[in-house]
C-alpha cells in the first residue's frame, strides 16, 4: 500500500513538472535573456533546477520527481548552476 501511494505521489509530481516545463517553454520567447540559457539544459535538469531554486522544493523530493537519486541531483544542480552562471556572465561581458 505504501509503495503504491509513493508511486502515485511521484507520478503526480512528475506530471506537475512536465506541465510547468511546457509553460516555461512558452515564456522563453517573452524573456529571451537568462531564460534562453535555461533552454540549453536537458528537460530533467531544467525541471530539477526549477523545483529546487524557484519552487523551493527539498532536493530529495525534486530528485524523486525527476527520477534521480538525491546525491546525483545535488551534483547535477551544482553543475547546472555553474554552467548557467558562466553563460550569463559571458553574455553580459559580450554586451
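Residue numbers (my numbering): 14 to 108.
For glycine and all other residues, C-beta sits at the position ideal for the given N, C-alpha and C.
Counting only residues of its own chain and dropping the five nearest sequence neighbours on each side, residue 87 has a CB closer than 7 Å to the CB of 72. By the C-beta density criterion, residue 60 is buried, having at least 16 other C-beta atoms within 10 angstroms. Boundaries of the alpha helix (DSSP H) harbouring residue 57: 56-62, taken from the DSSP string. Our two residues, residue 15 and residue 22, have alpha carbons roughly 11 Å apart in a direct line.
For residue 70, there is no enclosing alpha helix (DSSP H), as DSSP marks it with neither H nor E.
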